[in-house]
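Visitor: Here the working numbering is used: the first residue of the sequence shown is 107, the next is one more, and so on.
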Amino acid sequence: MDEDDVLLQVDDLRKTYDDITAVDGVSFSVKRGEIFGLLGPNGAGKTTTINMLAGILLPTAGQILFEGVPYRAAPEERSRLGVVPQELAIYTKLTGRENLFFFGRLYGLQGSVLARRVAEVLELVGLAEHADRLVEKYSGGMKRRLNLAAGLLHAPQLLLLDEPTVGVDPQSRNHIFEGIRALNRNGLTILYTSHYMEEVQMLCHRVGIIDRGKLIACDTVANLIAREGGSAIELIIEGKEASLDIQKIDDELKAALSLVPFVDVIEVKELSQEGFGQPVIMVYSAKPYQVLPELVRLLNSYQLPIASINIKQPTLEDVFLSLTGKHLRD
């Protein structure tokens, strides 16, 4: 990666509390103009990392570089960052517009410049029509969108988004996604944390997977998914009589399937349906459509009728399960 392309560089970042290590030697870089995702379960260290980047917490060790220069949590440095925290940082007894004017003044904006920026961000997050309502009357999704607007007022170079869609309705969630994409198209660099895998897969160019305070993988979404070795072919066997053939599948058929070219892994499991076991054969292959005819021929030769065939592309969830052995939302 060209050093001129790097906006944020994090080297061996650590945060400890007595005998607890919240962030353990995390290193990554964020390129100009990209959406970089930090993916991990609750408690993995994402928010602690964001708080150190924002200057809210001091690192125990490690280095943060902004445009190649050590980052200092001074007012003139903080103005280059926009921070949208996981916890709502808005005043419910003020209107949406009053909130933004207040935060804008904290950033040093005044007069017509402040008024213009308030109008722009209200439009961006879809709250222009509700700007003069008290925030206590807003829905949860509207509050989240106002929270986002407050972090954008001063036109930062890098936007830190920490779980921006927690607890929001689908409509507000889509509004936030559209706003994030629009900001990025206009050149804003974004660091996005979430424990919702589909959000990160949909929005981010590159992803770092963090678990128990450690960064365990970092790459483009496509490369992370490719490491799973291709697609999964799910073959569900039809009929009650199929439950009698589990042992045959495990022994004879599994051995035969393993000889098919481009078959990588075979897994046999049993679905419980209407009181009997229904065999399901999972075949993993980098070339699923090439191997499928031979799989069907073999099943027919063993007189195992196929109820359904599904070809599943791997996802970030598969990557995370492969790396950690647990579900992301645990």
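Cβ atoms here follow ideal geometry from the backbone N, Cα and C, with glycine treated the same way.
If we require 3 or more residues per run, which beta strand (DSSP E) segments fall completely within the segment 177-261?
Guide: 187-190
Visitor: Quick one: which unbroken alpha helix (DSSP H) runs of 4-plus residues sit fully inside the segment 268-292? Chain order, please.
Guide: List check, alpha helix (DSSP H) in window: 276-291.
Visitor: Give the secondary structure of D125 by DSSP, where H, G and I count as helix, E and B as strand, and everything else as coil.
Guide: coil
Visitor: Please list, in chain order, all residues of the same chain as Y213 whose beta carbon is under 7 Å from its beta carbon, the five residues on each side excluded.
Guide: S185, L259 and H260
Visitor: Taking only the alpha-carbon atoms, compute the straight-line gap between E358 and I339 and give it to the nearest angstrom.
Guide: Near 19 Å, if we compare the C-alpha coordinates of I339 and E358.
Visitor: Checking 7 Å against the spacing of the C-beta atoms, do V425 and L330 come in under that value?
Guide: yes
Visitor: Return the CA-CA distance between K393 and Q307, expressed in angstroms with no decimal places.
Guide: 22 Å
Visitor: If you drop the 5 nearest sequence neighbours on each side, which residues of the same chain put their C-beta closer than 7 Å to that of L294?
Guide: L265
Visitor: Between which residues of its own chain and R318 is the CB-CB distance below 7 Å, once the five residues before and five after are set aside?
Guide: A150
Visitor: What do you get for L113, buried or exposed, if any count of 16 or more other CB atoms within 10 angstroms of its CB means buried?
Guide: buried
Visitor: V366 and E400 look like a contact to me (Cβ under 8 Å); what is the Cβ gap, rounded to whole Å?
Guide: The C-beta distance from V366 to E400 rounds to 5 Å, short enough to fall under 8 Å.
Visitor: Going by C-alpha distance, which of V374, Q384, S337 and N205 is nearest F368?
Guide: Closest option to F368, Cα to Cα, is S337.
Visitor: Nearest-angstrom Cα distance between E173 and G210?
Guide: Going from the Cα of E173 to the Cα of G210 covers about 25 Å.
Visitor: Below 6 Å CB to CB, which residues in the same chain sit around I162 once its five sequence neighbours on both sides are set aside?
Guide: none
Visitor: Do you know whose CA, among L220, K375, V190 and D275, lies nearest I286's CA?
Guide: Residue V190 is the option with its Cα nearest to I286.
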